[in-house]
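**Student:** One structure follows; several queries about it will come next.
Number of protein chains: 2
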Amino acid sequence: MTSAPSDTQNTLRAGIIELAFGEPDPALLAVGLVRRAAAAVLDDSGPAALAYGSPEGPQALRDEIARRIAAREGRACTAAEVLVSGGNSQSLGQVLTILTAPGDVVLVESPTYNLALGIMRDHPVEVVGVPLDDEGLRLGALHAALEQLRAAGKRARLLYTIPTFHNPAGVCLSRTRRQELVAIAAERDLVVVEDDVYRELAYEGEAPAALWNPDGGACVVRLGSFSKTLAPGLRVGWINASCGLLERLAAAGVLESGGCVSQLAASIVGRLLAGGGYDRHVAELRRTYASRRDALAAALREHLPAGCSFTTPAGGFFIWLTLPPGLLATALLPVAEAHGVAFAPGAGFCSDGDDRSLRLAFSLYDERTLEEGARRLGTAVTAAQAGRA
Amino acid sequence: MTSAPSDTQNTLRAGIIELAFGEPDPALLAVGLVRRAAAAVLDDSGPAALAYGSPEGPQALRDEIARRIAAREGRACTAAEVLVSGGNSQSLGQVLTILTAPGDVVLVESPTYNLALGIMRDHPVEVVGVPLDDEGLRLGALHAALEQLRAAGKRARLLYTIPTFHNPAGVCLSRTRRQELVAIAAERDLVVVEDDVYRELAYEGEAPAALWNPDGGACVVRLGSFSKTLAPGLRVGWINASCGLLERLAAAGVLESGGCVSQLAASIVGRLLAGGGYDRHVAELRRTYASRRDALAAALREHLPAGCSFTTPAGGFFIWLTLPPGLLATALLPVAEAHGVAFAPGAGFCSDGDDRSLRLAFSLYDERTLEEGARRLGTAVTAAQAGRA
Chain A
1 MTSAPSDTQN TLRAGIIELA FGEPDPALLA VGLVRRAAAA VLDDSGPAAL AYGSPEGPQA
61 LRDEIARRIA AREGRACTAA EVLVSGGNSQ SLGQVLTILT APGDVVLVES PTYNLALGIM
121 RDHPVEVVGV PLDDEGLRLG ALHAALEQLR AAGKRARLLY TIPTFHNPAG VCLSRTRRQE
181 LVAIAAERDL VVVEDDVYRE LAYEGEAPAA LWNPDGGACV VRLGSFSKTL APGLRVGWIN
241 ASCGLLERLA AAGVLESGGC VSQLAASIVG RLLAGGGYDR HVAELRRTYA SRRDALAAAL
301 REHLPAGCSF TTPAGGFFIW LTLPPGLLAT ALLPVAEAHG VAFAPGAGFC SDGDDRSLRL
361 AFSLYDERTL EEGARRLGTA VTAAQAGRA
Chain B
1001 MTSAPSDTQN TLRAGIIELA FGEPDPALLA VGLVRRAAAA VLDDSGPAAL AYGSPEGPQA
1061 LRDEIARRIA AREGRACTAA EVLVSGGNSQ SLGQVLTILT APGDVVLVES PTYNLALGIM
1121 RDHPVEVVGV PLDDEGLRLG ALHAALEQLR AAGKRARLLY TIPTFHNPAG VCLSRTRRQE
1181 LVAIAAERDL VVVEDDVYRE LAYEGEAPAA LWNPDGGACV VRLGSFSKTL APGLRVGWIN
1241 ASCGLLERLA AAGVLESGGC VSQLAASIVG RLLAGGGYDR HVAELRRTYA SRRDALAAAL
1301 REHLPAGCSF TTPAGGFFIW LTLPPGLLAT ALLPVAEAHG VAFAPGAGFC SDGDDRSLRL
1361 AFSLYDERTL EEGARRLGTA VTAAQAGRA
């Protein structure tokens, strides 16, 4: 990790290893690829890349995304199933705007991506959490929640889920549960919003098949992104859905008025994907992040006191660490910061405020720094336990 | 106007002069400026431009926007009053998401920007139109609408207005009414959303002072954009508001999660503004579009039959033409298309469906083509009148 860039979302603090930030290492961003693609796009088709784009996004990018899905996910896919987006945060906001009505219930995993909860807070919906285990969303608990809502006369409209390389929990929804979940959603008229942002960052073979699939995915809206693989600052992603849902999303007033939400950046990404550089870049990222994951996991095993447990994820950016009984993450944080390491306390990710766990990101630092972070964290946990004793 | 670029919002039809499209001529987009700025940004600060941006946007762009406002609008302005946006369509959507509650009333001018109505349609608000005249929004009618809503127990939360170089009506809100409007809004706790997208394109001296002003603009959210001056495909604009409102908009969950909605493009615009090329480009646009406006207005005076009247706007892209009594724009459109010219019928802009007027854009074509379009339109109006007689 190089020095903190200015103008960016998170500011690093001197002397603290910031394991809270779930963002790519700036040194791994695809600056050169974007630089060359931007020049080529502006030279060859500048006016088209700088005009109002079609609501669905540049055809070349939609074709490349469809081609890539067909090649890597083993399913037919055409550009008609691809809507270019401004990244998954904007996509989630737009899905809430277009597909929910005031008072609707949005189901989320607990824990879930903390900042998705902030996006939902801006919409007049009620958020209800459903617990996870090591195989992902617990479907018995989902069933119970749906029954309870039905009895209360409430409409569960959306389920927001991160089935693959979960943020923060690091787990994957099992294959059996994937099939069952899609069946439940179809039966209950529930739209599943599948946040699939980490799919490309798989460290143990390929990622599990998406919920969005030709056999039973008619109720699934899958959100894909180039933020973790190319660069977050592009603000380019896409939405896959069956045509009925995708047409509703593409007919949004914001797109009718402003056109493609990221026309220039989307044109750049389209150019870049066509060149093959993307695949090589992703392959390198997988090797790099897998090595960082291994380094952090090994150092945690070495340095954490007894009573801690954690996931070792098969992809993505995060290790989810559960503290010894009685120790809460929010209470641990100032102790950890005093020892020169920070993390994201679990309470922010859990709809019920459960604070027994915490999230560590291994994306931002090299192996040596991650090892030092784990050492400091182990010392902090021991100190906090001693302080409580 | 060059040939129709692919991948863009509007497709030109062979043989038809498309005066419906309110977009910049692709030949006038700042391709060279953007090309150079993009290369400079990616060379000098690539990782920062490609990381998650701060929710408020790049500091350099916010500073440049504030400096430009201070220099050109005769008011103090600091970066704390500037939130970088993804263009005015996204800004309006975000303002509706953050500042309205279900059931709120949003007041609009009638006529108003037609696609703003599409953005509002996606939110659970009620839209109420207030008529315009040659001096802009009629404040007596606004007062009456507010009284009626109050009596009905409804909350008027926002007023969406285009006071400067109105789309579609071509008028400007008078100075007296500007002061009165801000006073009414303050008294009624009404947030005024000032769509100021055409401010830079002033053809008769400088544009009138914005509603957003230090003396009485605490209830105004001003939406600015680079879409008409640099390029729509950048999707970069900004929001000015007093700190209380701006803080609420900047705290949106989408920005907290995804960072600046247009980090790369905003970094490019920041670089470009600092260089001075922007001012020269805007000065050239003013000359070009003024000449096109003059050409279209002169040709309309020459070719339209008696009974037509139209505005000659002091800025912006649009002439608003009112047809002879009894002739409706939607009925005229197929006749006009058969004669090789198209326009935007008034009904789409008016909350009450009033269809006696139509909008002509002079932004997309050169003078000769505009003259030919006016000639065809005149012939079509005469033919439609004869057909009715």
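Sequences listed follow chains A and B, in order. If you count the first sequence from 1, position 220 lands on 220 in my numbering, and the numbers rise without skipping. Quick note, my numbering runs 1000 ahead of the 1-based positions in the second sequence. A virtual CB, placed ideally from N, CA and C, is assigned to each residue, including glycine.
So is ALA1020/B buried or exposed if we call it buried at 16+ other beta carbons inside 10 Å?
**Tutor:** Counting from 1 along the second sequence, the entry for residue 1020/B is found at position 20. Looking at its Cβ environment, which holds 16 or more other Cβ atoms inside 10 Å, ALA1020/B is buried.
**Student:** List, in chain order, every chain A residue whose beta-carbon is nearer than 9 angstroms to that of GLU1247/B.
**Tutor:** Position 247 of the second sequence, counting from 1, holds the residue named residue 1247/B. Chain A residues near GLU1247/B: none, gap ~14 angstroms exceeds 9 angstroms.
**Student:** Between VAL269/A and LEU246/A, how many whole angstroms is the CB-CB distance? I'm expecting something under 8 angstroms.
**Tutor:** Taking the first sequence and counting its residues from 1, one reaches residue 269/A at position 269. Taking the first sequence and counting its residues from 1, one reaches residue 246/A at position 246. About 19 angstroms; that fails the 8 angstroms criterion.
**Student:** Less than 8 angstroms between CB atoms is the rule here; does THR8/A satisfy it with respect to chain B?
**Tutor:** Within the first sequence, numbered from 1, the residue matching residue 8/A stands at position 8. True, the Cβ-Cβ gap to chain B drops below 8 angstroms.
**Student:** Do VAL1221/B and ALA1251/B have their CB atoms nearer than 8 angstroms?
**Tutor:** Looking up residue 1221/B in the second sequence gives position 221. Looking up residue 1251/B in the second sequence gives position 251. Not closer than 8 angstroms, so no.
**Student:** Can a CB atom of chain B be found closer than 8 angstroms to the CB of ALA241/A?
**Tutor:** Taking the first residue of the first sequence as 1, we reach residue 241/A at position 241. Output row for ALA241/A: interface = no.
**Student:** My parser needs the beta strand (DSSP E) runs of 3 or more residues fully inside the segment 115-199 of chain A; what are they?
**Tutor:** Complete beta strand (DSSP E) runs here, min 3: 126-133, 156-161 and 191-195.
**Student:** Which value, in whole angstroms, describes the spacing of the CA atoms of GLY1093/B and GLU56/A?
**Tutor:** Stepping through the second sequence from its first residue, residue 1093/B is reached at position 93. Stepping through the first sequence from its first residue, residue 56/A is reached at position 56. Going from the Cα of GLY1093/B to the Cα of GLU56/A covers about 18 angstroms.
**Student:** Go ahead and pull the three-state DSSP assignment for LEU1223/B.
**Tutor:** Reading the second sequence from its first residue, position 223 is the one you call residue 1223/B. The answer is strand: DSSP assigns LEU1223/B an E or B state.
**Student:** Using a 10 Å radius around the Cβ and a threshold of 16 neighbouring Cβ atoms, would you call GLN1090/B buried or exposed?
**Tutor:** Here residue 1090/B refers to the residue found at position 90 when the second sequence is read from its first residue. Result: buried.
**Student:** Is it buried or exposed for THR176/A, if we count other Cβ within 10 angstroms and need 16 for buried?
**Tutor:** Working through the first sequence from its first residue, we reach residue 176/A at position 176. Flag for THR176/A reads exposed.
**Student:** Quick check: is the beta carbon of GLY277/A nearer than 8 angstroms to any beta carbon in chain B?
**Tutor:** Residue mapping note: residue 277/A aligns to position 277 of the first sequence, counting from 1. For GLY277/A, the answer is no, since every Cβ of chain B falls outside 8 angstroms of its Cβ.
**Student:** For the beta strand (DSSP E) that SER1357/B lies in, which residues bound it at each end?
**Tutor:** One-based indexing of the second sequence puts residue 1357/B at position 357. SER1357/B -> beta strand (DSSP E) spans 1357-1361.
**Student:** Listed in chain order, which residues of the segment 165-185 of chain A have Cβ atoms closer than 7 angstroms to some Cβ of chain B?
**Tutor:** Listed by position along the chain: nothing, the set is empty.
**Student:** Just mark SER1309/B as buried or exposed, buried being the case when its beta carbon has 16 or more other beta carbons within 10 Å.
**Tutor:** The residue given as residue 1309/B occupies position 309 in the second sequence. That one is exposed.
**Student:** Would THR2/A pass as an interface residue toward chain B - the criterion being a Cβ-Cβ separation below 8 angstroms?
**Tutor:** Locating residue 2/A in the first sequence gives position 2, counting from the first residue. Note that THR2/A has pLDDT 40, beneath the 50 cutoff, so the model's placement of it is unreliable and no number is given.
**Student:** Check whether the Cβ atoms of GLY22/A and PHE317/A lie closer than 8 angstroms to each other.
**Tutor:** Locating residue 22/A in the first sequence gives position 22, counting from the first residue. Locating residue 317/A in the first sequence gives position 317, counting from the first residue. In contact: GLY22/A and PHE317/A (Cβ atoms closer than 8 angstroms).
**Student:** Where do the ends of the alpha helix (DSSP H) carrying GLY1275/B lie?
**Tutor:** On the second sequence, position 275 is the one that residue 1275/B refers to. Counting along the chain, GLY1275/B falls outside any alpha helix (DSSP H), and DSSP gives it neither H nor E.
**Student:** Any idea what DSSP makes of PRO1055/B, helix, strand or coil?
**Tutor:** In the second sequence, residue 1055/B corresponds to position 55, counting from 1. The answer is coil: DSSP assigns PRO1055/B none of H, G, I, E or B.
**Student:** If TYR329/A sits next to GLY346/A, beta carbons under 8 angstroms apart, how far is it from one beta carbon to the other, in whole angstroms?
**Tutor:** Counted from its first residue, the first sequence places residue 329/A at position 329. Counted from its first residue, the first sequence places residue 346/A at position 346. Per the sequence shown, the amino acid found at residue 329/A is Ala instead of Tyr. Right, their Cβ atoms sit about 5 angstroms apart.
**Student:** Name the two residues that bound the continuous alpha helix (DSSP H) containing THR1322/B.
**Tutor:** Along the second sequence, read from residue 1 onward, the residue named residue 1322/B stands at position 322. Premise fails: THR1322/B lies in the beta strand (DSSP E), 1318-1322, not in any alpha helix (DSSP H).
**Student:** So, is GLY1087/B buried or exposed, given that buried needs 16 or more other C-beta atoms within 10 angstroms?
**Tutor:** Within the second sequence, residue 1087/B is the residue found at index 87, counting from 1. Flag for GLY1087/B reads buried.
**Student:** Strictly under 8 angstroms for the Cβ-Cβ distance: is HIS1281/B near chain A by that measure?
**Tutor:** Here residue 1281/B refers to the residue found at position 281 of the second sequence. Judged by the 8 angstroms Cβ criterion, HIS1281/B is not in contact with chain A.
**Student:** Would you please verify whether the beta carbon of LEU26/A is less than 8 angstroms from any beta carbon of chain B?
**Tutor:** Residue numbering aside, residue 26/A sits at position 26 when the first sequence is read from its first letter. Sequence inspection shows Pro at residue 26/A; the Leu mentioned does not correspond to that position. Yes - at least one Cβ of chain B is within 8 angstroms of the one on PRO26/A.
**Student:** Using a C-beta cutoff of 8 angstroms, does PRO1232/B count as contacting chain A?
**Tutor:** Start at 1 with the first residue of the second sequence, and residue 1232/B comes out as number 232. Yes, contact with chain A.
**Student:** Between which two residues does the beta strand (DSSP E) containing ILE239/A stretch?
**Tutor:** In the first sequence, counting from the first residue as 1, residue 239/A sits at position 239. Its beta strand (DSSP E) spans residues 237-241.
**Student:** Here's the rule: buried if 16 or more other CB atoms are within 10 angstroms of the residue's CB, otherwise exposed. What is ASP44/A?
**Tutor:** The residue labelled residue 44/A in the question sits at position 44 within the first sequence. Exposed, since its Cβ has fewer than 16 Cβ neighbours within 10 Å.
**Student:** Closest by CA to VAL1084/B, which one among GLY1103/B, GLY1053/B and GLU1073/B?
**Tutor:** What you label residue 1084/B is simply residue 84 of the second sequence in a count that begins at 1. The option with the nearest alpha carbon to VAL1084/B is GLY1053/B.
**Student:** Compare the C-beta of SER1110/B against all C-beta atoms of chain A and say whether one is closer than 8 angstroms.
**Tutor:** As a working note, residue 1110/B is residue 110 in the second sequence. Answer no: the Cβ-Cβ gap between SER1110/B and chain A never drops below 8 angstroms.
**Student:** With distances taken between CB atoms, is the gap from VAL34/A to LEU370/A smaller than 8 angstroms?
**Tutor:** Your numbering for residue 34/A matches position 34 in the first sequence. Your numbering for residue 370/A matches position 370 in the first sequence. For VAL34/A and LEU370/A, no; Cβs fall outside 8 angstroms.
**Student:** To the nearest angstrom, how far is it from the Cα of THR1382/B to the Cα of ALA1306/B?
**Tutor:** Counted from its first residue, the second sequence places residue 1382/B at position 382. Counted from its first residue, the second sequence places residue 1306/B at position 306. For THR1382/B and ALA1306/B, the distance between alpha carbons rounds to 9 angstroms.
**Student:** Nearest chain A C-beta to THR1097/B closer than 8 angstroms, yes or no?
**Tutor:** Mapped onto the second sequence, residue 1097/B falls at position 97. True, the Cβ-Cβ gap to chain A drops below 8 angstroms.
**Student:** Cutting at 6 angstroms between CB atoms, please list the residues of its own chain near ARG199/A, excluding the five before and the five after it.
**Tutor:** Sequence index remark: in the first sequence, residue 199/A carries index 199 (1-based). THR164 and ALA207, listed in sequence order.
**Student:** Contact check, LEU1029/B vs LEU1285/B under 8 angstroms by CB: the rounded distance?
**Tutor:** In the second sequence, counting from the first residue as 1, residue 1029/B sits at position 29. In the second sequence, counting from the first residue as 1, residue 1285/B sits at position 285. So it is not a contact: roughly 10 angstroms between Cβ atoms.
**Student:** Name the two residues that bound the continuous alpha helix (DSSP H) containing LEU99/A.
**Tutor:** Walking along the first sequence from the start, residue 99/A turns up at place 99. Element bounds for LEU99/A: 88-99.
**Student:** Kindly say whether SER257/A, judged by its beta-carbon, lies nearer than 8 angstroms to any beta-carbon of chain B.
**Tutor:** Reading the first sequence from its first residue, position 257 is the one you call residue 257/A. Judged by the 8 angstroms Cβ criterion, SER257/A is in contact with chain B.
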